[in-house]
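Chemist: Just so you know, the protein sequences line up as chains E and L, in that order.
If you count the first sequence from 1, position 65 lands on 65 in the numbering used here, and the numbers rise without skipping.
Positions in the second sequence are counted from 1; adding 213 to them yields the numbering used here.
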Amino acid sequence: MVIGLVKLHLEKIQPPRALFVPFEFGRPVGAPDDSDLQLEVLTQALNLIETQTEAGTIVEFDKEDPRATPDPEWIPPAIEAADNIAAEVLALKPNYQRQCVDKSRTAVGVSKLKIADAADLFDTIAAGEAPSITREGISANVMMRLAMDDLKAYYIEAALADGTPSSRQIYDWLWDDTLLGRQIKELRVRFMESNDNKLEKIGTSYCVPHRWR
Amino acid sequence: MPKLSDVVASQREHLEALECPVFEHTALVPPRPLNECKVALISSAGLMSRHDDNVPGNSADYRSFANASTDRDLLVNHVSVNFDRTGFAEDANTLFPRERLRQLSDDDVISAAATEHYSFMGATNPDNMRDAVTRLVAQLKENRVNTVCLLPA
Numbered sequence: 001m002v003i004g005l006v007k008l009h010l011e012k013i014q015p016p017r018a019l020f021v022p023f024e025f026g027r028p029v030g031a032p033d034d035s036d037l038q039l040e041v042l043t044q045a046l047n048l049i050e051t052q053t054e055a056g057t058i059v060e061f062d063k064e065d066p067r068a069t070p071d072p073e074w075i076p077p078a079i080e081a082a083d084n085i086a087a088e089v090l091a092l093k094p095n096y097q098r099q100c101v102d103k104s105r106t107a108v109g110v111s112k113l114k115i116a117d118a119a120d121l122f123d124t125i126a127a128g129e130a131p132s133i134t135r136e137g138i139s140a141n142v143m144m145r146l147a148m149d150d151l152k153a154y155y156i157e158a159a160l161a162d163g164t165p166s167s168r169q170i171y172d173w174l175w176d177d178t179l180l181g182r183q184i185k186e187l188r189v190r191f192m193e194s195n196d197n198k199l200e201k202i203g204t205s206y207c208v209p210h211r212w213r
Numbered sequence: 214m215p216k217l218s219d220v221v222a223s224q225r226e227h228l229e230a231l232e233c234p235v236f237e238h239t240a241l242v243p244p245r246p247l248n249e250c251k252v253a254l255i256s257s258a259g260l261m262s263r264h265d266d267n268v269p270g271n272s273a274d275y276r277s278f279a280n281a282s283t284d285r286d287l288l289v290n291h292v293s294v295n296f297d298r299t300g301f302a303e304d305a306n307t308l309f310p311r312e313r314l315r316q317l318s319d320d321d322v323i324s325a326a327a328t329e330h331y332s333f334m335g336a337t338n339p340d341n342m343r344d345a346v347t348r349l350v351a352q353l354k355e356n357r358v359n360t361v362c363l364l365p366a
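Structure representation (structure tokens):
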């Protein structure tokens, strides 16, 4: 049984049992910290095993994600204009740490770098140098992409420390109001002009979401 | 990164043009009571454990995640930047609802949650996943899992 986020794809693939959910990509069972909604989605999907007798029917979940609505009370982290990402990361540290303590976990870690080292790596690349740090089995270009993923995850968690912002609020802040967002967008343009095919591909596809390009 | 009807034109065009697998036959196992279902989750979010190697961007293989383990070491290593990561950052169940499945098992709604759940790198061409899927199916049968829930990212 499938939970699907793109109805068109469900219609094309025609899985035996499918529940289409009207949520944003990345949230197949709905809102964070909303166990009732998550249970409802999962139960409705699993119920298809018990109730559906014909293949290819797409059932639609009829509730929206309440966290898609902006939180008017949310205030983005207060950060002074920073000269580089290392300084911006340091400014966000109290927010990030508060969120980590509150959740007892962090989604930062794919690069396996300390966040200060990820910031330093980003700053050298933003200053015009080519990606240079590697790890066994990981090229310098991929290492840079992973460091960017960790920095974005760090900023997201810092933004979540106060209030319940929608994803749109967080990403608008990250991409438009932080030095990191602005510099990744600039790097994207530089990478897309690179003669290095892999770097060009990272610039084209793996730096900035469609909406904020 | 909202639902398809709200996404920006360039992303919508990409998704609308995406080639989808076509199956000659759609198999349908007969309905069975939910309380007889042993359920495994299979995600396409490119999940990894903090202590494991990264998932390569074109990986056709899958990773296993114990039902009993916590979400503390669960990371998203998917190459795509076009799906929301804020929900996962706040609550891993948003993307990989192990806790909710354990709840359904504890409440006897389902027979049991599988001992392992799984994740693929969703950016990989599904045709390349054939061998890994064959191995996974054998593993599921060995563990007497009779129901899977496929979750997109």
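All residues carry an ideal CB built from backbone N, CA and C; glycine is no exception.
Any idea what DSSP makes of Asp20(E), helix, strand or coil?
Modeler: As written in the sequence, residue 20(E) is Phe, which differs from the Asp given in the question. Three-state result, Phe20(E): strand.
Chemist: Less than 9 Å between CB atoms is the rule here; does Met334(L) satisfy it with respect to chain E?
Modeler: Residue contact with chain E for Met334(L): absent (no Cβ-Cβ distance below 9 Å to any residue of chain E).
Chemist: Exposed or buried, Phe191(E), counting other C-beta atoms within 10 Å across all chains shown (16 or more means buried)?
Modeler: buried
Chemist: What are the complete beta strand (DSSP E) segments, minimum 3 residues, inside the segment 242-299 of chain L?
Modeler: 251-256, 260-262, 275-279 and 287-289
Chemist: Going along chain E in order, which residues have a C-beta closer than 7 Å to the C-beta of Val350(L)?
Modeler: Ordered by position in chain E, no residue passes the 7 Å Cβ test against Val350(L), which lies about 15 Å from the chain.
Chemist: For the putative contact between Pro243(L) and Glu50(E), defined by C-beta atoms under 8 Å, what is the C-beta separation to the nearest angstrom?
Modeler: Between Pro243(L) and Glu50(E) the beta-carbon gap is near 11 Å, outside 8 Å, which marks them as no contact.
Chemist: With DSSP as the reference, identify every bridge partner of Ile3(E), one or two as the case may be.
Modeler: Leu19(E)
Chemist: Taking its Cβ as the centre, do 16 or more other Cβ atoms sit within 10 Å of Arg105(E), making it buried, or is it exposed?
Modeler: buried
Chemist: Which residues in chain L have a C-beta closer than 8 Å to the C-beta of Gln14(E)? List them in chain order.
Modeler: Phe236 and Thr239
Chemist: When the distance is taken between beta carbons, is Pro209(E) closer than 9 Å to Trp175(E)?
Modeler: yes
Chemist: Taking Ser78(E) as the reference, give the member of Glu186(E), Ala158(E), Arg135(E) and Arg213(E) with the closest Cα.
Modeler: One point to set straight first is that residue 78(E) is Ala, not Ser, in the sequence displayed. It is Ala158(E) whose Cα lies nearest to the Cα of Ala78(E).
Chemist: Leaving out the 5 sequence neighbours to the left and right, which residues in its chain are closer than 8 Å to Ile125(E) when beta-carbon positions are compared?
Modeler: Pro131, Met144 and Leu187
Chemist: Give a yes or no on whether the minimum CB-CB distance between Leu363(L) and chain E is below 9 Å.
Modeler: yes
Chemist: Kindly indicate which residue of Asp321(L), Tyr331(L), Leu364(L) and Leu349(L) has the alpha-carbon position closest to the one of Cys250(L).
Modeler: Asp321(L)
Chemist: Would you tell me roughly how many angstroms separate the C-alpha atoms of Phe20(E) and Ala45(E), rounded to the nearest one?
Modeler: 9 Å
Chemist: Could you name the residues of the same chain whose beta carbon sits closer than 6 Å to that of Val268(L), not counting the 5 residues immediately before and after it, in chain order?
Modeler: Gly259, Met261, Asn290 and Met334
Chemist: Which runs of the alpha helix (DSSP H) at least 4 residues long sit entirely within the segment 289-353 of chain L? Give them in chain order.
Modeler: 299-303 and 311-319
Chemist: Using only CA atoms, which one of Asp319(L), Arg343(L) and Leu308(L) lies nearest to Asn248(L)?
Modeler: Measuring from the Cα of Asn248(L), the nearest candidate turns out to be Asp319(L).
Chemist: Is the segment 2-21 of chain E close to the segment 220-237 of chain L, with three or more CB pairs under 8 Å?
Modeler: yes
Chemist: Measuring CA to CA, which of Ala253(L), Thr239(L), Asn271(L) and Asn359(L) is closest to Phe278(L)?
Modeler: Ala253(L)
Chemist: Applying the 10 Å Cβ sphere with the 16-neighbour rule, what's the burial state of Arg313(L)?
Modeler: buried
Chemist: How should Arg348(L) be labelled, buried or exposed, when 16 other C-beta atoms within 10 angstroms of its C-beta is the threshold for buried?
Modeler: exposed
Chemist: Taking just the CA atoms, how far does Leu92(E) sit from Asp340(L)?
Modeler: 43 Å
Chemist: Determine, using beta carbons only, whether Leu160(E) comes closer than 9 Å to chain L.
Modeler: yes
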